[in-house]
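In our numbering, the protein residues as written are 258 to 589. For every residue, glycine included, the Cβ atom is placed at its ideal position computed from N, Cα and C. Accompanying notes for the structure given below.
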């Protein structure tokens, strides 16, 4: 298995942990790793209701399929960013003749690290197994370019057009290569750690593209652990540009455009620094008008929260995507 994202330097628990009552005041809804958390799901979109009509055909595979997109299948980058190979995860329902159009997820891993599809594949297979083979089609893509790089989720002279790659190049490729639902409410930008931070950024910047955000132990803004380094390396010392790239500023630029949008977050309760980051991120989305939900994964640290965090957040998202009935509580 590729090396996991780094074990982060942790701040003290007193800084990282906030009482549940305070969090409820910030985001209006607190989820735990429990049935109650999964039941408190957003209402299903009226435009996406596949679960009500889908009947699995005989011979449908029991699990999905991962394909590494290289050579002729590679997703082209048009603005100078050099990503490593992306992967495509197709659920069982996408592997049958006359497959239905499905929701799309674009997912990112952490930094340092690589675009490893194994975590999302396992989660989607488990969710599909209890939803008649239904799950989103997932592109696992690289927002770094190299294991130790951090382009800060923006186009820059230092790293090239990473934001263009995720908000123009990948969507264009997906529309022409995949059988996916076209409406924004069927599209989710998601990630873990650094990838979760980019998901927050781009979900707030492009509400006409992404209807949902999923962030597992994600940053609340690029460079949370080394802001001065980020300022110099990516923004060439331009603090105004750095501030404008932060999620709160991006949300303000699109005020009033997030009706019906969903933001789901998770972190391990043994990961105080990123628990705080998730809480701050949730405050931003809730204030912007997203239906916002936060999950805490008991007994897990930063990396350990990822498997269960994926199940909790996407389990809650499935009804909104039309892949489960309202209030669904999957038994996994």
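Any idea what DSSP makes of residue 581, helix, strand or coil? coil
Taking the alpha helix (DSSP H) that residue 236 falls in, what are its first and last residues? With the chain represented from 258 up to 589, any question about residue 236 goes unanswered, as that position is not in the structure.
With a CB to CB cut of under 8 angstroms and the five nearest residues on each side skipped, what residues in its chain are close to residue 300? With a pLDDT of 41 at residue 300, under the threshold of 50, the predicted position of this residue should be treated as unreliable, and no value is reported.
State the CB to CB distance for the pair residue 520 and residue 473, rounded to an integer number of angstroms; the pair is presumed to be in contact (CB under 8 angstroms). With 8 angstroms as the limit, residue 520 and residue 473 do not qualify as a contact, their Cβ atoms being about 12 angstroms apart.
Backbone CA spacing between residue 319 and residue 495 [nearest angstrom]: 52 angstroms
Where does residue 259 fall in DSSP's three states? Note that residue 259 scores a pLDDT of 40, beneath 50, so its modelled location is shaky; the value from the coordinates is reported in the next line. Three-state DSSP puts residue 259 in coil, outside helix and strand.
Any beta strand (DSSP E) of 3 or more consecutive residues that is wholly inside the stretch 405 to 491: 444 to 449, 469 to 473
Leaving out five residues on either side along the sequence, give the residues of the same chain with a beta carbon under 6 angstroms from the beta carbon of residue 330. none
What's the C-alpha gap between residue 574 and residue 560? 21 angstroms
What three-state label does DSSP hand residue 365 in the structure shown? strand
Determine the closest residue to residue 515 out of 542, 351, 529, with distance taken between C-alpha atoms. Nearest of 542, 351, 529 to residue 515, Cα basis: 542.
Express the C-alpha separation of residue 554 and residue 589 in angstroms, rounding to a whole number. 15 angstroms
Straight-line CA distance for residue 549 to residue 340? Here the alpha carbon of residue 549 sits roughly 31 angstroms from the alpha carbon of residue 340.
So, for residue 465: in the same chain, excluding its five sequence neighbours on each side, which residues have a beta-carbon less than 7 angstroms away from its beta-carbon? 441
How is residue 527 classed by DSSP in three states: helix, strand or coil? coil
Decide if residue 513 is buried, meaning its Cβ has at least 16 other Cβ atoms within 10 Å, or exposed. Under the 10 Å beta carbon count, residue 513 is surrounded by fewer than 16 other beta carbons and is classified as exposed.
Going by DSSP, name the residue or residues bridged to residue 343. 326
DSSP three-state call for residue 601: helix, strand or coil? Any property of residue 601 remains undetermined from this structure, which presents the chain solely from 258 to 589.
Relative to the C-alpha of residue 458, which candidate in 410, 358, 359 has its C-alpha closest? Measuring from the Cα of residue 458, the nearest candidate turns out to be 410.
Just checking my contact of residue 336 with residue 454 at CB under 8 angstroms: how many whole Å lie between their CB atoms? With a contact defined as Cβ atoms closer than 8 angstroms, residue 336 and residue 454 miss out at about 20 angstroms.
Please state whether DSSP places residue 335 in a helix, a strand or coil. coil
Roughly how many angstroms lie between the CA atoms of residue 447 and residue 366, to the nearest whole one? 9 angstroms
Let me know the secondary structure DSSP gives residue 400 once reduced to three states. In the structure shown, the three-state DSSP call for residue 400 is coil.
Alpha carbon to alpha carbon, what distance is there between residue 504 and residue 289? With a pLDDT of 35 at residue 289, under the threshold of 50, the modelled position of that residue is not reliable, and no figure is offered here.
Span of the alpha helix (DSSP H) holding residue 306? No alpha helix (DSSP H) contains residue 306, which DSSP labels as neither H nor E.
DSSP on residue 571, reduced to helix/strand/coil? helix
Which residue wins for smallest C-alpha separation from residue 379, given the options 429, 580, 563? 563
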